[in-house]
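>
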């Protein structure tokens, strides 16, 4: 389709060129007023009739074998859910239309993952891959309550009603096609399209290229990557796990930022130090006995840089082991984490660890005490666009696995760090036997700063 603006009379042609505008709705008749089934292009057309829609390009057929950094997530069918807490009357039809516009903007979201007879995995575009926009009729505090198996689709949207005017809205994306930075960009654009639909703004659909693997990205920059096999995922967790949300207030987050400025430590390094200290205390081991591993977004660290949606999992892996003589000074430990990272990054260890050592690392997990200390920091979540009649009040990470028995311990045990609406959040999935202990200790380490410098310094910071 050439670059043009669609008039109302062009809607039939638009639907014909993009035939997969059907949206699967799995809903409770008594609570939603709409029976389960297929909502055809009429819903999208009824929204589109009120807007000017610009289509700048059409997706082209696409198929390729998944790279090891992508295929490692297929054994379990692992999806990351970017969940927003919404207050107000959510327009389900507008959300479905926004999701469809998102898929047209990022054609990879219309792909499916397939596995061949030899166990190889590939991703390819298919004209008849319908989208999943599901609605759970009963009220629930669980963001993924009632979520249907998405099959071989790589993305879905799920809505759970929490009350008369409260909803969880989750954008789920298969980890094989998007890491956190990529997923956050998709979430931002989903809500932007939703606001466009509801507030009668002009809608622009501009197709992005299909994202590349980190292997291809590094190869294109003449950075050597050794061939690697995707690590096996046949070692299930042996401990009962639970997820704990450690959320600081805005005031406590600001105080921690000030503390970091005064001590030459970043928020990420301070959280890393707190996780190390709390976990080793809970496991009753020396601080030098635990290997701290965390993912690093490489997009801005490559030349030329990589856009959020230009790659799938554009990640490096950093590791840190504290000196056995490390004391209880969280700022000193945080600076040590940063120093080790800077050194490894300079020699290429962060960029290449993922390919050279990850198989050995994954196989070594059962020998580690408890579970490995693993974290990823998604940074500050951007402001999400929303129309005047709703407010996006919360953000959290949800997880879904089609085959949870194949989720590796590194994915089951770990911490996701974000900042949303000025609040630092740490979502921790840990063995139930010490999850609460670690979470409470992390909160204390990050908020009761008097234990490091005394009450007078705390008063100055406040």
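Numbering (our numbering), first residue to last: 13 to 474.
In this text, a Cβ means the ideal position worked out from N, Cα and C, and glycines have one as well.
Considering only the beta carbon of each residue, do residue 450 and residue 207 sit closer than 7 Å?
Taking 7 Å as the Cβ cut-off, residue 450 and residue 207 do not qualify as a contacting pair.
> Does any residue of chain D have a CB that is nearer than 7 Å to the CB of residue 86?
Although the question refers to chain D, the structure presented lacks it and comprises just one protein chain.
> Evaluate contact between the stretch 75 to 92 and the stretch 174 to 188, counting only Cβ atoms and requiring at least three cross-stretch pairs below 8 Å.
Counting Cβ pairs under 8 Å, three or more are found: they touch.
> Inspect the beta-carbon positions of residue 440 and residue 346 and report whether they are closer than 7 Å.
In this structure, residue 346 does not lie closer than 7 Å to residue 440 by Cβ.
> Using 8 Å as the Cβ pair cut-off and three pairs as the minimum, do the stretch 394 to 410 and the stretch 96 to 113 touch?
Output reads yes: the stretch 96 to 113 touches the stretch 394 to 410.
> Taking only the alpha-carbon atoms, compute the straight-line gap between residue 292 and residue 299 and give it to the nearest angstrom.
Their backbone Cα atoms lie some 6 Å apart in a straight line.
> In the DSSP assignment, find the alpha helix (DSSP H) that holds residue 127 and state where it starts and stops.
From DSSP, residue 127 is part of no alpha helix (DSSP H) but of the beta strand (DSSP E) over 123 to 127.
> Tell me the start and end of each unbroken beta strand (DSSP E) in the stretch 192 to 273 that is at least 3 residues and wholly inside, in chain order.
As far as the stretch 192 to 273 is concerned, its whole beta strand (DSSP E) runs of at least 3 residues are 215 to 217, 253 to 259.
> Pick out whichever of 218, 258, 114 has its Cα sitting closest to the Cα of residue 168.
Nearest option by C-alpha distance: 114.
> Which word fits residue 148, buried or exposed, when buried means at least 16 other C-beta atoms lie within 10 angstroms of its C-beta?
When all chains shown are included, residue 148 counts as buried.
> May I ask you to report which of helix, strand or coil DSSP gives residue 435?
In this structure, residue 435 counts as strand in the three-state DSSP scheme.
> Could you give the DSSP three-state label for residue 280: helix, strand or coil?
Helix at residue 280.
> Would you list the one or two residues that DSSP bridges to residue 324?
Answer is none; residue 324 lacks a bridge partner.
> Could you tell me how far apart the beta carbons of residue 260 and residue 94 are, in whole angstroms, since I believe they sit closer than 8 Å?
Not a contact, Cβ separation roughly 21 Å.
> Report the rounded CA-to-CA distance for residue 118 versus residue 166, giving the unit in angstroms.
If you take the alpha carbons of residue 118 and residue 166, they lie about 12 Å apart.
> Under three-state DSSP, which class holds residue 364?
It is helical.
> Just verifying my parser: in three-state terms, what is the DSSP assignment at residue 454?
Here residue 454 sits in helix by DSSP.
> Let's test the definition: count the other Cβ atoms within 10 Å of the Cβ of residue 289 and tell me whether it reaches 16, buried, or not, exposed.
When all chains shown are included, residue 289 counts as buried.
> Which word fits residue 458, buried or exposed, when buried means at least 16 other C-beta atoms lie within 10 angstroms of its C-beta?
When all chains shown are included, residue 458 counts as buried.
> Quick one: Cα of residue 284 to Cα of residue 257, how far?
When rounded, the distance between both Cα atoms is 16 Å.
> Inspect the CB distances between the stretch 119 to 137 and the stretch 213 to 223 and report whether three or more fall short of 8 Å.
Short answer: they touch.
> Can the beta-carbon of residue 277 be found closer than 7 Å to that of residue 343?
The answer is yes: Cβ separation under 7 Å.
> For residue 409 and residue 356, I'd like the C-alpha separation in whole angstroms.
Distance between the alpha carbons of residue 409 and residue 356: 29 Å.
> The beta strand (DSSP E) with residue 311 in it runs from where to where?
Taken as a continuous stretch (DSSP letters only), residue 311 belongs to no beta strand (DSSP E), as it is neither H nor E.
> Run through DSSP, which three-state label would residue 110 get?
Helix at residue 110.
> For the alpha helix (DSSP H) containing residue 152, list its first residue and its last residue.
Unbroken run through residue 152: none, as it is neither H nor E.
> Give me the Cβ distance between residue 92 and residue 411, rounded to the nearest whole Å; I'm assuming they're in contact under 8 Å.
Sure, about 7 Å apart at Cβ, within 8 Å.
> When DSSP labels each residue in this structure, what does residue 145 get in the three-state scheme?
Note: residue 145 maps to strand in three-state DSSP.
> So, is residue 337 buried or exposed, given that buried needs 16 or more other C-beta atoms within 10 angstroms?
Its Cβ having fewer than 16 others within 10 Å, residue 337 is exposed.
> Between which two residues does the alpha helix (DSSP H) carrying residue 395 extend?
Residue 395 -> no alpha helix (DSSP H), and no H or E assigned at all.
> Tell me whether residue 84 sits in a helix, a strand or coil according to DSSP, three-state version.
Here residue 84 sits in coil by DSSP.
> Compare the Cα-Cα distances from residue 479 to each of 127, 310, 360, 393 and report the closest residue.
No answer is possible for residue 479: the residues shown for the chain start at 13 and end at 474.
> When the Cα of residue 164 is compared with those of 156, 135, 308, which residue comes out closest?
Out of 156, 135, 308, 135 has the C-alpha closest to the C-alpha of residue 164.
> Taking only heavy atoms of the ligand PLP into account, decide whether any of them is closer than 6 Å to the Cβ of residue 308.
Absence of the ligand PLP from the depicted structure is noted, as is the absence of any ligand whatsoever, leaving it without description.
> Skipping 5 residues on each side, what residues in its chain have a beta carbon closer than 8 Å to that of residue 174?
Once the five neighbours on either side are set aside, the close Cβ partners of residue 174 are 97, 151, 152, 153, 180.
> I'd like the list of long-range same chain contacts for residue 275, defined as Cβ closer than 7 Å, with 5 residues on each side in sequence excluded.
Answer for residue 275: 343, listed in chain order.
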